[in-house]
Amino acid sequence: MLCAVMAKDKSSSYFALLFLLEFILVAFFAATDLLTFYIMFELSLVPIFFIIGFWGSKNRIYAAFKIFLYTLFGSIGFLISILYIFSKTGTLELTSLTFLVPQMLSVKAQKLIWLALFFAFAVKIPMFPFHTWLPDAHVQAPTEGSVMLAGILIKLGAYGMIRILLPIFPLLSHEFETLIFSLSAIGVIYTSVIAIMQTDMKKLVAYSSVAHMGIVTAGLFAFNLEGLNGAIFQVVSHALISSGLFFCIGCFYERTHTRKISEYSGIMCFAPKFGSVFVLLSFASIGLPGTSGFIGEFLSLIGLFQSNQVFGILCTTGVILGACYMLFLCKRIIWGVPTSTFPDMKVHEALPIFALALLVMLLGIYPNFLLNFMR
């Protein structure tokens, strides 16, 4: 709905795709069987493919096909696994599979299925080294497409891990935790370093999304309450923060037709509403206490430290690097002497951006609202 508010100048087909995507996502999160889960998991790709392909930037076709092929290739093993599971158990109901899969499938078959499902979810999140489609997709996507990608679509992979891998394959998930920790830690540090070198605001935030989702996967597989709660909280928090940042960057682009960091300076001087909310969301992305970003990262890292201190230190290093690139971005575009000016936030822009910023603050001040719901 917030995307629809911002997309006031788009065609009816654009709105139809947005609401189709919303329907698919509702069906995905409501799925109680593996087949519906898989169908909606794959169908979510169709609207975003057309949104990027028709309304994206110059290289939109390349980006649209890249995300399509990455996700499609990653899900081949998912489909084969579903067929095999049904042939052995006679059901695809998720609650039943929690009991039937460990009893009726061999250990070797379970390992192969776990790897196939993990690959599908890791591509969707995306985890290192399957992340390369996301920066291209964000850069080429229209603002609303980037918001849907960062806010919901990449969360489908994390939800798949929570809904399928952990409850149906708990022992194997624990067995493969070192693999998850390694990929997560490398991804957090590597993408944070890459983000520091970016000159495009959208690409910087895209790489930061990969880093934040690395914290999520590490927390999920820490196998303790703090890690799990932190990972789920971070999924929600990142959806709010990154969506707000992409909305702001989209508004900047509409006014200046550039996303180059070097082209901006002193936004706080001539557009204080934009400047204030961008600083708030950037600090929330860093994990400033009092914002939702702090709660999610803090709990995830506590859980990770309890499980493995080495990987906890590595992921914390990535968080510090994250502070570096976000502070650099704010220093460069928000403060300083203005090189050019543009109008401040309009009413239809303020509605979604301030709504997201308010939720970021509320969850940071009163995290039990979400934590109690998770329990």
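Throughout, my numbering is defined as the position within the sequence shown, counted from one, plus 3. We put the CB at the ideal spot given by N, CA and C, even for glycine. Keep in mind it's a predicted model, so treat the numbers as computed, not measured.
Between Gly77 and Lys158, is the Cβ-Cβ spacing less than 9 Å?
Annotated as distal: Gly77 and Lys158, with beta-carbon spacing of 9 Å or more.
From the DSSP output, read off the bridge partner residues of Asp36.
Glu96
Is DSSP giving Lys349 helix, strand or coil here?
coil
Compute the minimum distance between the beta carbon of Phe52 and the heavy atoms of the ligand MG, and state whether it is under 8 Å.
Of ligands this structure carries none, so the ligand MG is not represented either.
Alpha carbon to alpha carbon, how far is Leu223 from Ser245?
20 Å
Once you ignore the five residues that flank Asp203 on each side, which residues in its own chain have a CB closer than 8 Å to its CB?
So the qualifying residues of the chain are Val142, Arg262, Lys263, Ile264.
Shortest alpha-carbon distance to Leu169 belongs to which of Ala209, Ala221, Val191, Met200?
Ala221
Three-state class that DSSP yields for Lys69 in the structure shown
It is helical.
Return the first residue and the last residue of the alpha helix (DSSP H) that Met151 is part of.
DSSP places Met151 in the uninterrupted alpha helix (DSSP H) bounded by 146-151.
Given that a residue counts as buried once 16 or more other Cβ atoms are within 10 Å of its Cβ, and exposed if not, what is Pro50?
buried
Can you give me the C-alpha to C-alpha distance between Val350 and Glu257, rounded to a whole angstrom?
15 Å
For Lys263, name the three-state secondary structure that DSSP assigns.
strand
May I ask which residues mark the beginning and end of the alpha helix (DSSP H) holding Asp139?
From DSSP, the alpha helix (DSSP H) with Asp139 extends over 136-143.
Beta-carbon proximity check, Ala123 vs Phe179, cutoff 9 Å:
no
Counting C-beta neighbours from all protein chains within 10 Å, is the total for Met329 16 or more, i.e. buried, or is it exposed?
buried
Through-space distance from Met164 to Leu118, alpha-carbon basis:
So the alpha carbons of these two residues sit roughly 12 Å apart.
Reference Gly59; option with closest CA among Gly148, Ala19, Phe26, Met107:
Gly148
I need the boundaries of the alpha helix (DSSP H) containing Lys158, first residue and last residue.
158-163
Supposed contact pair Ala326 and Ile289 - C-beta distance, whole angstroms, cut 8 Å
5 Å
On the DSSP letters alone, give me the boundaries of the alpha helix (DSSP H) that Gly56 sits inside.
Its alpha helix (DSSP H) spans residues 48-58.
Closest Cα partner of Met151 within the set Ile79, Thr94, Leu20, Phe297:
Restricting attention to Ile79, Thr94, Leu20, Phe297, the CA atom closest to the CA of Met151 is found in Leu20.
Evaluate the contact criterion for the stretch 294-302 versus the stretch 352-367: three or more CB pairs, one atom per stretch, below 8 Å.
Inter-segment contact for the stretch 294-302 and the stretch 352-367 is present: three or more beta-carbon pairs are separated by less than 8 Å.
CA-to-CA distance, Thr94 to Leu248, given in whole angstroms:
43 Å
C-beta contact flag for Leu100 and Ile88 at 9 Å:
yes
Taking 9 Å as the threshold (C-beta atoms), are Val363 and Leu284 in contact?
In this structure, Val363 lies closer than 9 Å to Leu284 by Cβ.
Can you give the Cα-Cα distance for Gly230 and Thr320, rounded to whole angstroms?
18 Å
Which runs of the beta strand (DSSP E) at least 3 residues long sit entirely within the stretch 177-207? Give them in chain order.
none
When burial is assigned at 16 or more other CB atoms within 10 Å of the CB, is Ser303 buried or exposed?
buried
Check whether the Cβ atoms of Cys254 and Ile192 sit closer than 9 Å, and answer yes or no.
no
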